[in-house]
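What follows is a single structure, written as structure tokens, with notes after it.
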Amino acid sequence: MGRFWSLLFLLVPILGVAVYVFAAIPGGIFANHWLPEDISQHGAVVDKLFMFILYLTGVVFIVTSFLLFWFMWKYDTDRNTEPVKYLHGSHTLEIIWSIIPAATLLFIAIFQMDAWADARMKYPTDKATGFKKPPLLLVTGRQFEWRMQYAGEDKIIGTPDDVHLVNDLHIPVNEEIVIRIQTQDVLHSFFLPNMRIKQDVVPGMKQHIWFEAKKTGTYDIVCAELCGWGHYKMRGRLIVQSEDDFREWMASAIAEQNKTSLNANE
Amino acid sequence: MKQFHNNRHQGVRIASIAVLVCSVLLTACSDPAYFQFNEAYVQAAQLKPDVAKPQMRKLENRDVLLIESQKENISTILEGAFGTPDNPRIPGGVGLGDFLSMSKLQQAAGPVERDEAHIPRGLYRQHCAHCHGVTGDGQGPTASFLNPYPRDYRLGQFKFKMTDAGGTFKKPSKEDLKTTLLQGISGTAMPSFRVLAGTDINQMIDYVIYLAIRGEVERSLINAALEITTSDEHPLLVDFNNGVKKADDLAFVREMISSVVIQWVGPDKTGNAQRTIAKAPDNWNSPASVKIGRTLFFQGKANCFSCHGQTAIGDGQKNLYDNWTLELLGLDPSSSDTSAGDAADVEDISLASQLYFYNEHLAGIGALKPRAISPRNLRLGNFRGGRRPIDIYQRITSGIQGTPMPGNTKLTEAETWGLVAYVLSLPYEASSRPQSAPTFQRDRN
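If you're matching them up, the sequences are chains A and B in order.
Here our numbering = 1-based position in the first sequence + 40.
Here our numbering = 1-based position in the second sequence + 16.
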């Protein structure tokens, strides 16, 4: 066997890097397994941070994996007959490999601060009025569905004119949207992959998310926190529409919800 | 050192053999799926009705028992007519040809896979079977964790539909089942399947109807088998081994299937039509109308409060059972089939003695433990059959099949719409608001 195991371990960095390279080739066999299409206004910042951290950890991954291989290769039992030597360790080395990662983490923490503040702290204000923007709708996670409750014409959630839907989220394009999210039972995570939005929904917590879509189309809503046996079926549909289409859809949803006749001639 | 190396090689060999054996076992384990025989119904149907109280079946009256060969015969007949879960069949000559599509059934049936054109197959087993069971018996692996239990299609009764009118229940239309699949049933474990393609939804609808018809035919066959004796003219149901397949047997079975099918397909063979609901008066949700509804809620004419409770939180009468559960308790839901509400009228049942029947005959064969049905809490804003005014109107006027919720045909249009308005306003009304209507005025008529 001898150096067989060290060569086997060398496959880890080689295959690992190969998977990333394959996935990054546009139009390749893994093309759709990399980041999903970004349709959000803020997504570029998130993707940039993601790629930055990926490159950083990628380099560390290659170096450490190669070192693991190298030590196994060099100190293979069949080729080393010298007895094992006791080594206390190196104080200087330990300080170096503690300070470098600490400094890197601190750098990342500061570097991403703006992105975090934009996504979680700077609640959008209505440009016309200067007040906080009211949520367009309330999304309630429930085993195993997403329930949408649009504020309706009075723009207040929890009134009789609210529009109720299940797994069906319609939003207008090119407009900053605020959504209030909550859960009815257990932990869920409201995930809009194409919108680069992922927020855990915690029982008892009232949370808000905001984003702006820049492209119309139909996209996925998924649950990103294992919430029970039906977690996989907690899928919904995000439909980004032009403002006119959205108003038209909203009017039809209101009409459908207020339907007071069936198959009858008006 | 040499010894150590040998051991290591042996370990690798053992590991690879283990992997090989496991994969062979896994492939060998995939038996073809089969429809479960409705043993629970056999147990229930073997009980004879009590003469004094026809809706109750007496436990001591077990004199006719179905023999094994009769059960086999029933399974054989069903397989001949309906096929297997992997190869469904539409029975011919019973008027189902225009109603169910063979290609849709085939897409929905079978194991979960994709065909050459990458079109999904086995939709029922992928999306429905883990709760509703391969047989549609509502006893899938996840069923026992749920409250309410998943629907058992075999009784052929469905709750939320727009086909019922004028106090009679009808089978749902395909449109009704589609609404349920798209919206889910809020407040229950039934999810919305809105993200699936429309064709997938239509395939599952056909398959659910197919399972419901099959289940109901199975029940009829069991009933017929219990009623005949060896000298009867239908040996097919008596003894498969020495019975010669006669033409009249086939006609007999076909007639049995037809009588179930006709309820689904209606006179024009394309399915029941949804009812008509005339447009509500313009002021149907005015405060005055809500007030009318509120008064009715607490009066004998509508009598909502007796089940839904003084504050409409569903704490009125909590010891009632739906038709699926009545059967598990050894009671006969069919005696109250046409007049909803009477199903509830089993107040003098001692639950302990009826649970005895379940424990003795049904628990061992995997039937789900009976549970009382709770009246809906109307203040949650969860309306299972939908929250549109016409949905509430339909529940009030036509009731909910299989449950103690009765259809009320005595109310005028204005009164019904008043109740609709009041029920829809309940989630927004403070429950601590004192009731002005007379309380405890329980005049039952």
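No residue lacks a Cβ here, since even glycine has one placed at the ideal position from N, Cα and C.
None of the values given here were measured: they were computed from a predicted structure.
Beta-carbon within less than 6 Å of Gln152 of chain A's beta-carbon, same chain only, minus the 5 sequence neighbours each way: which residues are those? The residue you call residue 152 of chain A lines up with position 112 of the first sequence. Excluding sequence neighbours, Gln152 of chain A sits near Leu89.
Considering only the alpha carbon of each residue, which of A:Tyr95, A:Ser46, A:Leu177 and A:Leu48 lies closest to Ala64 of chain A? Residue 64 of chain A sits at position 24 when you count from the first residue of the first sequence. Considering only alpha carbons, the answer is A:Tyr95.
Examine the Cβ distances between the stretch 250 to 262 of chain A and the stretch 196 to 214 of chain A and report whether three or more of them are shorter than 8 Å. Short answer: they touch.
Using a threshold of 8 Å, state whether the C-beta atoms of Pro297 of chain B and Ala430 of chain B are closer than that. The sequence position of residue 297 of chain B within the second sequence is 281, counting from 1. The sequence position of residue 430 of chain B within the second sequence is 414, counting from 1. With respect to Ala430 of chain B, Pro297 of chain B sits close: the two C-beta atoms are nearer than 8 Å.
Kindly give me the distance between the Cβ atoms of Ser305 of chain B and Ala437 of chain B, rounded to whole angstroms, as I take these residues to be in contact under 8 Å. Taking the second sequence and counting its residues from 1, one reaches residue 305 of chain B at position 289. Taking the second sequence and counting its residues from 1, one reaches residue 437 of chain B at position 421. About 5 Å separates the two Cβ atoms, so the contact holds.
Partner residues on chain B for Thr300 of chain A, Cβ-Cβ distance less than 7 Å: By 1-based counting over the first sequence, the position of residue 300 of chain A is 260. Residues of chain B passing the Cβ test: Lys295, Ala296, Trp300, Pro405 and Ile406.
Just to confirm before moving on: does the CB-CB distance between Lys299 of chain A and Arg395 of chain B stay below 8 Å? The sequence position of residue 299 of chain A within the first sequence is 259, counting from 1. The sequence position of residue 395 of chain B within the second sequence is 379, counting from 1. Between Lys299 of chain A and Arg395 of chain B, the CB-CB gap reaches or exceeds 8 Å.
Taking only runs of the alpha helix (DSSP H) that begin and end inside the stretch 41 to 108 of chain A, which ones reach a length of at least 4 residues, in chain order? 44 to 64
Lys125 of chain A by DSSP, collapsed to three states: which one? For this step, residue 125 of chain A is matched to residue 85 along the first sequence. In this structure, Lys125 of chain A counts as coil in the three-state DSSP scheme.
For Asp225 of chain A and Gly182 of chain A, believed in contact at Cβ under 8 Å, the rounded distance: Numbered from 1 along the first sequence, position 142 holds the residue referred to as residue 182 of chain A. Numbered from 1 along the first sequence, position 185 holds the residue referred to as residue 225 of chain A. The sequence given here has Arg at residue 182 of chain A, not Gly. Between Asp225 of chain A and Arg182 of chain A the Cβ distance is about 6 Å, and since that is below 8 Å, they are a contact.
Distance cutoff 8 Å, beta carbons only. Does Thr428 of chain B sit that close to anything in chain A? As a working note, residue 428 of chain B is residue 412 in the second sequence. No, no contact with chain A.
Please confirm whether Pro157 of chain B and His143 of chain B have their CB atoms less than 8 Å apart. Walking along the second sequence from the start, residue 157 of chain B turns up at place 141. Walking along the second sequence from the start, residue 143 of chain B turns up at place 127. Contact: no.
Chain A residues whose Cβ lies nearer than 7 Å to that of Gln290 of chain B: Against the second sequence, residue 290 of chain B aligns to sequence position 274. Simply Leu302 and Asn303.
Leu378 of chain B and Ala56 of chain B look like a contact to me (Cβ under 8 Å); what is the Cβ gap, rounded to whole Å? As a working mapping, residue 378 of chain B is identified with position 362 in the second sequence. As a working mapping, residue 56 of chain B is identified with position 40 in the second sequence. With a Cβ gap of about 5 Å, Leu378 of chain B and Ala56 of chain B count as contacting.
Amino acids of chain A, ordered along the chain, whose beta-carbon sits closer than 8 Å to that of Val439 of chain B: Taking the first residue of the second sequence as 1, we reach residue 439 of chain B at position 423. Per Cβ cutoff of 8 Å: no residues; Val439 of chain B is ~12 Å from chain A at best.
Identify which residue in B:Gly182, B:Asn89 and B:Gly418 has its Cα closest to the Cα of Ile293 of chain B. Taking the first residue of the second sequence as 1, we reach residue 293 of chain B at position 277. Closest by alpha carbon: B:Gly182.
Consult DSSP for Ser85 of chain B and reduce its assignment to one of helix, strand or coil. Along the second sequence, read from residue 1 onward, the residue named residue 85 of chain B stands at position 69. It is helical.
Rounded distance between the beta-carbons of Ile148 of chain A and Ile93 of chain A, thought under 8 Å: Walking along the first sequence from the start, residue 93 of chain A turns up at place 53. Walking along the first sequence from the start, residue 148 of chain A turns up at place 108. Distance from Ile93 of chain A to Ile148 of chain A at the Cβ level is roughly 7 Å; contact confirmed, criterion being Cβ atoms closer than 8 Å.
Using a Cβ-Cβ cut-off of 7 Å (strictly less than) and excluding sequence neighbours within five positions of Val52 of chain A, which residues of its own chain qualify? Translated into the one-based positions of the first sequence, residue 52 of chain A becomes position 12. Within the same chain, Val52 of chain A has close Cβ partners Ser105.
Euclidean distance between Cα positions of Ser46 of chain A and Thr121 of chain A: Mapped onto the first sequence, residue 46 of chain A falls at position 6. Mapped onto the first sequence, residue 121 of chain A falls at position 81. Distance between the alpha carbons of Ser46 of chain A and Thr121 of chain A is about 18 Å.
What's the call for Phe51 of chain B, buried or exposed, on a 16-neighbour Cβ count within 10 Å? For the purposes of this step, residue 51 of chain B is identified with residue 35 of the second sequence, where counting begins at 1. Answer is buried; the Cβ neighbour count reaches 16.
Determine the contact status of His248 of chain A and Tyr163 of chain A, defining contact as a CB-CB distance below 8 Å. Sequence index remark: in the first sequence, residue 248 of chain A carries index 208 (1-based). Sequence index remark: in the first sequence, residue 163 of chain A carries index 123 (1-based). Yes, they are a contact pair.
I'd like the list of long-range same chain contacts for Gly309 of chain B, defined as Cβ closer than 6 Å, with 5 residues on each side in sequence excluded. The count along the second sequence starts at 1 and reaches residue 309 of chain B at position 293. So the list reads Gly434, Leu435, Ala437 and Tyr438, once near-sequence residues are dropped.
In its own chain, which residues sit with a C-beta less than 6 Å from the C-beta of Val150 of chain B, not counting the 5 before and 5 after it? Position 134 of the second sequence, counted from the start, is the residue given in the question as residue 150 of chain B. Correct list, in chain order: Ala49 and Pro101.
Might you give, ordered along the chain, the residues of its own chain that have their beta carbon closer than 8 Å to the beta carbon of Met17 of chain A, omitting 5 neighbours on each side? The question about residue 17 of chain A has no answer, for chain A in this structure spans 41 to 306.
Just the Cα atoms here: how many angstroms apart are Gln333 of chain B and Asp78 of chain A? Position 317 of the second sequence, counted from the start, is the residue given in the question as residue 333 of chain B. Position 38 of the first sequence, counted from the start, is the residue given in the question as residue 78 of chain A. In a straight line, the C-alpha of Gln333 of chain B is about 54 Å away from that of Asp78 of chain A.
Looking at Asp208 of chain A: is its Cβ nearer than 8 Å to the Cβ of Arg277 of chain A? The residue given as residue 208 of chain A occupies position 168 in the first sequence. The residue given as residue 277 of chain A occupies position 237 in the first sequence. Yes; because the gap between Cβ atoms is below 8 Å, this pair is in contact.
Using a Cβ-Cβ cut-off of less than 7 Å, list which residues of the stretch 102 to 135 of chain B approach chain A; keep chain order. If the cut-off is 7 Å between Cβ atoms, the stretch 102 to 135 of chain B has nothing near chain A.
The beta strand (DSSP E) enclosing Glu265 of chain A, as first and last residue numbers: As a position in the first sequence, residue 265 of chain A is number 225, starting the count at 1. Premise fails: Glu265 of chain A is in no beta strand (DSSP E) and is neither H nor E.
Please check if any C-beta of chain A sits within less than 8 Å of the C-beta of Met178 of chain B. Start at 1 with the first residue of the second sequence, and residue 178 of chain B comes out as number 162. By this cut-off, Met178 of chain B is an interface position.
Give the list of continuous alpha helix (DSSP H) stretches no shorter than 4 residues that lie fully inside the stretch 357 to 440 of chain B. 367 to 373 and 405 to 414
Along chain A, which residues have their Cβ under 7 Å away from the Cβ of Gly200 of chain B? To locate residue 200 of chain B, count along the second sequence from 1; it is residue 184. What Gly200 of chain B touches in chain A: Glu185 and Val206.
Can you find a C-beta in chain A that's less than 8 Å from the C-beta of Ser189 of chain B? In the second sequence, counting from the first residue as 1, residue 189 of chain B sits at position 173. No, because no Cβ of chain A sits closer than 8 Å to the Cβ of Ser189 of chain B.
Could you check the C-alpha separation between Thr184 of chain B and Pro422 of chain B for me, to the nearest Å? As a working note, residue 184 of chain B is residue 168 in the second sequence. As a working note, residue 422 of chain B is residue 406 in the second sequence. The straight-line gap from Cα to Cα measures roughly 11 Å.
What residues from the stretch 149 to 170 of chain B come within 8 Å of chain A, judged by C-beta to C-beta, listed N to C? Thr158 and Phe161
Where Arg411 of chain B meets chain A, residues with beta-carbon distance less than 7 Å: The residue labelled residue 411 of chain B in the question sits at position 395 within the second sequence. None at all; the shortest Cβ gap to chain A is about 13 Å.
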